[in-house]
Amino acid sequence: MSEQIDHNSNAKFEDAGVANSTTTPATTPSTSSRSNAEPHETAYFAGGCFWGLERYFQGVNGVVDTTVGYAQSTMPNPSYALVCSGEPDAAETVRVDFDSQVVSLRTLTLLFLDVIDPFSVNQQGADRGRQYRSGLFWLNEDQKSVFAKALEQLQHRTGQSPAVALESLRNFYPAEDDHQDYLEKNPGGYCHIPFAAIANVSHRQKYIDRIWDLSPEQYAVTQEAATERPFSNEYDQNFEPGVYVDIVSGEPLFLSTDKFDSGCGWPSFSKPIDNSTLTAHEDYTIPGRPRIEIRTADTQIHLGHVFDDGPRDRGGLRFCMNSASLRFVPKSHMAEEGYANLLPKLEENEK
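This is the structure:
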């Protein structure tokens with residue numbers, strides 16, 4: 041059985057499985073015919089072994105069903121063994137049925153690009169071959185536009201051309217039953233996607249759109265633990281009263297009254313507003329110079345590092361943060377932006 045798309049009518053069809061057969065309407069209604077009470081849509085993603093990619097999408101809030109199979113095949117009803125031989129040139133693909141009132145196609149696309157290597161050709165993880173190529177297979181022009189914009193955004197941020205195919209879906213053949221829900225049936229089975237990413241995907245989902253809207257520098261710092269240039273960043277010499285918040289979530293992290301000029305070239309604070317908003321991690325990226333990295337507990341973005349050379353009268357710590365990880369809210373705007381509860385503490389510290 042395969043699914044083929046008539047792009048003129050945007051209707052979904054099933055193929056009898058014979059190369060020259062005619063198509064008949066599927067028993068499953070098309071997206072356009074569903075009622076508003078069931079805003080389910082379907083999208084197709086290829087990103088390496090479909091076992092792991094399916095398990096990843098199953099953790100996304102709003103995904104109602106998944107099916108693994110073979111897309112863009114030159115032969116009808118290929119088997120797993122035949123696909124692995126390369127003869128039908130099919131791509132291991134996950135069909136994702138989702139509630140568009142809970143999760144958008146854009147969010148699904150960003151989560152997909154977030155977890156694969158979008159620049160790898162015919163390979164994801166240890167899996168190599170044309171069947172493991174990456175692809176976004178669209179059903180209509182609206183989907184094509186969403187996919188294309190995400191790929192353009194990725195290219196703009198990285199300066200590299202993604203190796204993710206953007207193609208209309210020609211066909212999709214569901215894989216054999218033993219491949220469906222494989223990692224649910226075999227929890228310790230092979231998976232090229234990190235299990236931490238699978239476990240965290242619903243939380244990552246909350247912020248992925250905002251993360252992708254970050255500037256290239258903000259993304260590099262917060263997501264890849266890069267370090268911005270000292271002295272020329274936005275907040276090094278900012279001592280206006282206010283609050284510094286997480287650039288992604290807006291969670292308040294530091295008050296201006298705890299900021300001091302350390303001379304290091306980056307914003308420095310003696311303490312956070314609440315220790316529970318931060319997490320500490322051992323960092324050995326510089327040989328012979330172990331450091332303590334600081335991330336946010338919620339969004340898990342990289343902020344900077346903490347050192348023990350801060351002012352002794354303030355506790356002796358120096359939270360050396362990147363401006364790119366922060367957004368400053370002036371005292372005059374704190375109430376209107378939802379930080380009125382911090383004004384008494386800020387004003388008390390100013391005395």
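First residue of the sequence shown? That's 41 in my numbering, and the numbers climb one at a time after it. Every residue, glycine too, gets a C-beta built ideally from N, C-alpha and C. The model shown is predicted, which means the values in this text are computed figures rather than measured ones.
Strand pairing of residue i, partner residues [DSSP]
i	result
R168	Q163
Y84	R135 and F177
R367	V285
T106	V136
K299	F309
Y213	Y110
H35	No information on residue 35 is available, as it lies outside the stretch 41 to 391 that the chain covers here.
D24	Since the first residue of the chain shown is 41 and the last is 391, residue 24 is not available in this structure.
Helix, strand or coil at residue i [DSSP, three-state]
i	result
C89	coil
Q44	Note that Q44 scores 49 on pLDDT, short of 50, meaning its location in the model is unreliable and no value can be drawn from it.
L406	Nothing about residue 406 can be read from this structure; the chain reaches only from 41 to 391.
K311	coil
F97	helix
V142	coil
H219	helix
F152	helix
D182	helix
R352	helix
T267	coil
Q340	coil
F279	coil
E192	helix
S372	helix
S70	Model confidence at S70 stands at a pLDDT of 35, short of 50, so the residue's coordinates are unreliable and nothing is read from them.
E377	coil
E274	coil
Contact set for residue i: own chain, Cβ-Cβ below 7 Å, skip 5 residues either direction
i	result
I233	G92, L93, Y96 and V155
N162	R168, G169, R170, Y172 and R173
Q141	P79
T339	Y247, D286, V288 and S289
D15	A question about residue 15 goes unanswered here, because the residues of the chain that appear run from 41 up to 391.
Q17	Here the chain has residues from 41 to 391 only, and residue 17 is not among them.
Q193	W252
G378	none
Endpoints, the beta strand (DSSP E) within which residue i is located
i	result
S208	V204 to S208
E333	R331 to T336
F294	P292 to L295
F235	That residue, F235, is in no beta strand (DSSP E); its alpha helix (DSSP H) goes F235 to W252.
heavy atom of the ligand SAH below 8 Å from residue i C-beta
i	result
D301	The ligand SAH is not part of this structure, which contains no ligands at all.
Distance CB(residue i)-CB(residue j) smaller than 9 Å
i	j	result
F294	Y284	yes
S308	G350	yes
G175	C89	no
E333	A236	no
L153	P227	no
V261	A364	yes
F159	E274	no
V108	E127	no
V134	T114	no
E291	T317	yes
L209	A130	no
F177	T149	no
W306	C231	no
R269	C304	no
I313	K385	yes
L366	L383	no
P118	Y222	no
Endpoints, the alpha helix (DSSP H) within which residue i is located
i	result
E264	P256 to E264
P384	L383 to E390
R358	Element bounds for R358: not the alpha helix (DSSP H) but the beta strand (DSSP E), R358 to M361.
V123	Y120 to S125
Nonlocal neighbours in the same chain, by C-beta distance under 8 Å from residue i, ignoring five residues either side
i	result
Q245	V100, N101, V143, T147 and L151
D348	G356, L357 and R358
H219	F90, W91, V108 and Y120
V123	Y110, S113, A130, E132 and Q171
E216	S119 and Y120
Sequence-distant residues of its chain with Cβ nearer than 6 Å to residue i (five each side left out)
i	result
A205	G175
D298	F309, S310 and K311
N60	Confidence at N60 is low in this model, with a pLDDT of 29, below 50, so its placement is unreliable and no value can be given for it.
E257	A364
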